[in-house]
Amino acid sequence: MTRSKQNNDVAFLPRELFWMILGYLQPKELVRCRRVSRAWNEAFTNPVILLRLLKRHYPWTKEVKALKTSEKQEGRRLFDQVASRYDYLERGKPRSIQKYRLCDDFGSAGDREWYQVQPWESHASHMRRFIDRQFAEALWTFEDGLLVYPSADHQFLVLMDLETDRQFMVPFIIRGKVIRRVRLQKRLLVVEWAEPKAFHWLNDSDGVHRHFASSFDITRSETRGWNITPRNEWKIMFLGHPLSERDRFFSSHSNTHYVIYIWQPNRSLYTADEDAPIESLSVWDISKTSSYRPSLDPTGRLRDDSPDDSPSIVARFGFRDLEFFNIRQRGCPSIQRLVITDDAQAVEITENVCIPPGDQPPDPFGLPQPVTTSIPLVGNGPHWRRHFEGILPPYRGNCSMQAESMKFDGLIMDPWFGVIAQVTVLEPDLGFCLHFDPWTWIQDQIVHLTIQTPRSSVTCDNWDFVGRARLAGCEKYLVGENCNRELVIYRFDR
Numbered sequence: 001m002t003r004s005k006q007n008n009d010v011a012f013l014p015r016e017l018f019w020m021i022l023g024y025l026q027p028k029e030l031v032r033c034r035r036v037s038r039a040w041n042e043a044f045t046n047p048v049i050l051l052r053l054l055k056r057h058y059p060w061t062k063e064v065k066a067l068k069t070s071e072k073q074e075g076r077r078l079f080d081q082v083a084s085r086y087d088y089l090e091r092g093k094p095r096s097i098q099k100y101r102l103c104d105d106f107g108s109a110g111d112r113e114w115y116q117v118q119p120w121e122s123h124a125s126h127m128r129r130f131i132d133r134q135f136a137e138a139l140w141t142f143e144d145g146l147l148v149y150p151s152a153d154h155q156f157l158v159l160m161d162l163e164t165d166r167q168f169m170v171p172f173i174i175r176g177k178v179i180r181r182v183r184l185q186k187r188l189l190v191v192e193w194a195e196p197k198a199f200h201w202l203n204d205s206d207g208v209h210r211h212f213a214s215s216f217d218i219t220r221s222e223t224r225g226w227n228i229t230p231r232n233e234w235k236i237m238f239l240g241h242p243l244s245e246r247d248r249f250f251s252s253h254s255n256t257h258y259v260i261y262i263w264q265p266n267r268s269l270y271t272a273d274e275d276a277p278i279e280s281l282s283v284w285d286i287s288k289t290s291s292y293r294p295s296l297d298p299t300g301r302l303r304d305d306s307p308d309d310s311p312s313i314v315a316r317f318g319f320r321d322l323e324f325f326n327i328r329q330r331g332c333p334s335i336q337r338l339v340i341t342d343d344a345q346a347v348e349i350t351e352n353v354c355i356p357p358g359d360q361p362p363d364p365f366g367l368p369q370p371v372t373t374s375i376p377l378v379g380n381g382p383h384w385r386r387h388f389e390g391i392l393p394p395y396r397g398n399c400s401m402q403a404e405s406m407k408f409d410g411l412i413m414d415p416w417f418g419v420i421a422q423v424t425v426l427e428p429d430l431g432f433c434l435h436f437d438p439w440t441w442i443q444d445q446i447v448h449l450t451i452q453t454p455r456s457s458v459t460c461d462n463w464d465f466v467g468r469a470r471l472a473g474c475e476k477y478l479v480g481e482n483c484n485r486e487l488v489i490y491r492f493d494r
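Counting from 1, one number per residue, gives the positions in the sequence shown under full-length UniProt numbering.
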């Protein structure tokens, strides 16, 4: 009596033996096995088996962490979804690419509407203080799946949910303003902007423009969309700021407070000193909703009639205070991170200085030495100065002020000096790194993108993210900007 062919088929082996074979197969090989026969297709699409394999191969994913007992029949869909995503990541190729046009610097009326704060020409994070390549600051911002960008199609700021691709208009009128910076943090959107006309002149070439900040709360709606609600507005500088390449300011915010560092050249005819710019640091309480708009009240008369809920300054530090805390920047800045703690008790300033190696062989790139200084906002307590945990890439533009720190083991890129920007997903050791070629970057400065997963590392030339020194995203997508004023999104999930 002849034995049935089914008895020798893998799909009909005892469960223990079948599981032993599955342990030698990668997720993409499991999907390919379905093509062999109808029996194999049934065995390799069993939702119970696929759920166990999903937990074994991808325990860190949101799909596994959110898995419920009632979703057993969803095993095939979830497994295929995650396996496909990581297959594209391991090959270093997006499944699809989305592009969105960004607003031009000048609006339809010919007036300038977008003018980023200009980057420094020199920075202490470089060995010789000379910045090898400057990138303009991005006028889009990202946090936890939410992307805010200036849409050329709508001529408005648009908030896009990258999980659903739904878009929502930000209730902020661009016309008649010059946008300097856009930042989304702690579910609070802050837009820093200036009036297009100067209200007085410092000299024949530098006019002073009043600068303001407008904030918006981002909250979930009942329809699984997003509500964008104006919270308040405040004047971020007492005397204003020229729209020039030499005057700079950097800021950060939490959900309740806003901090701004101002750096201006000394224009005095009598005390001018290139190494002694005018510096200051101010902190605002922006926690309360207020209808008062200082941009509509140039004389300040309406402020006395408004409720006592408008933003107010809670701390101000002049250049002598910054000198005392040993964080005055002078002519060669080293500041690369500005943070206000969630409890609003301190401002943390991280300086990134490149130093020559001591007893080690000469290093053409030097060694980074980031140091963080915490300044208390309440009382006269001492400041806290300590080494920063990690390594910051060198400053190559204002987007570097929000750069992620790198690991000491060089997980993403070595040497540290070639890194432009990176995104790290810590739990699965997944990372995206935009960097120069470590061997030829001094001559050609070709930009590469490295995608690293727990099982692979792929590096390729990249022209889609070279417009700004900024990357954002997660394992499902990667966001950047090209040189054609387009926002580029690599999708690995669909």
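Note that the Cβ used here is the ideal one computed from N, Cα and C, for glycine as well. Computed from a predicted model, the values in this text were never measured in an experiment.
Let's see if you can read the secondary structure: which residues bound the alpha helix (DSSP H) around residue i?
| i | result |
| --- | --- |
| N41 | 38 to 43 |
| H57 | 47 to 57 |
| L78 | 75 to 91 |
| K28 | 27 to 32 |
| V117 | Looking at the DSSP string, V117 is not in any alpha helix (DSSP H), and its letter there is neither H nor E. |
| L322 | 319 to 324 |
| V64 | 62 to 65 |
Excluding five sequence neighbours on each side, which residues of the same chain lie with their C-beta closer than 6 Å to the C-beta of residue i?
| i | result |
| --- | --- |
| S287 | T256 |
| G410 | The pLDDT assigned to G410 is 46, lower than 50, so where the model puts this residue is not dependable, and the model offers no usable value. |
| I174 | E113 |
| H57 | P27 |
| G418 | H435, F436, P438, W441 |
| V190 | R183, A213, S215, H253 |
| D342 | S254 |
| E163 | G145 |
| S151 | V158 |
| E195 | H209, R210 |
| C332 | S122, A124, R129 |
| V347 | V259, I340, I375 |
| M248 | The question names Met, but residue 248 in the sequence shown is Arg. Excluding sequence neighbours, R248 sits near V117, W263. |
| R3 | Low confidence applies to R3: its pLDDT is 48, below 50, so where it sits in the model is not reliable enough to give any reading. |
| P119 | Q134, G397, N398 |
| A136 | Q116 |
| T299 | none |
| P454 | P428, D429 |
Give me whichever residues DSSP pairs with residue i in a beta bridge.
| i | result |
| --- | --- |
| V423 | F432 |
| S214 | V191, E233 |
| F168 | L159 |
| I21 | Answer is none; I21 lacks a bridge partner. |
| K99 | V488 |
| Q185 | L188 |
Skipping 5 residues on each side, what residues in its chain have a beta carbon closer than 7 Å to that of residue i?
| i | result |
| --- | --- |
| A276 | N266, R330 |
| residue 513 | Summary: the structure shown does not reach residue 513, with the chain confined to residues 1 through 494, and so no result is reported for it. |
| P171 | I228, P230 |
| L78 | L54, E63 |
| W416 | P368, I391, P393, M406 |
Which residues in the same chain have their Cβ closer than 8 Å to the Cβ of residue i, if we skip the five residues on either side of it in sequence?
| i | result |
| --- | --- |
| S334 | H123, A124, S125, E351, N352, V353 |
| V208 | A198, F199, H200, W201, L202, L239, G240, H241, P242 |
Which stretch, first to last residue, makes up the beta strand (DSSP E) that contains residue i?
| i | result |
| --- | --- |
| V148 | 146 to 151 |
| E351 | 346 to 355 |
| V458 | 456 to 461 |
| L487 | 486 to 491 |
| F142 | 141 to 143 |
| Q369 | 367 to 376 |
| I262 | 257 to 264 |
| F249 | 248 to 253 |
| G207 | 207 to 209 |
Answer with buried or exposed for residue i, where buried requires no fewer than 16 other C-beta atoms within 10 angstroms of its C-beta.
| i | result |
| --- | --- |
| W234 | buried |
| S108 | exposed |
| Y477 | buried |
| A39 | exposed |
| K177 | buried |
| N232 | buried |
| T141 | buried |
| V48 | exposed |
| Y149 | buried |
| L449 | buried |
| C483 | exposed |
| T219 | exposed |
| D204 | exposed |
| L426 | exposed |
| F432 | buried |
| A421 | buried |
*Which full runs of the beta strand (DSSP E) of 3+ residues lie inside the region 272 to 302, going along the chain?*
278 to 285
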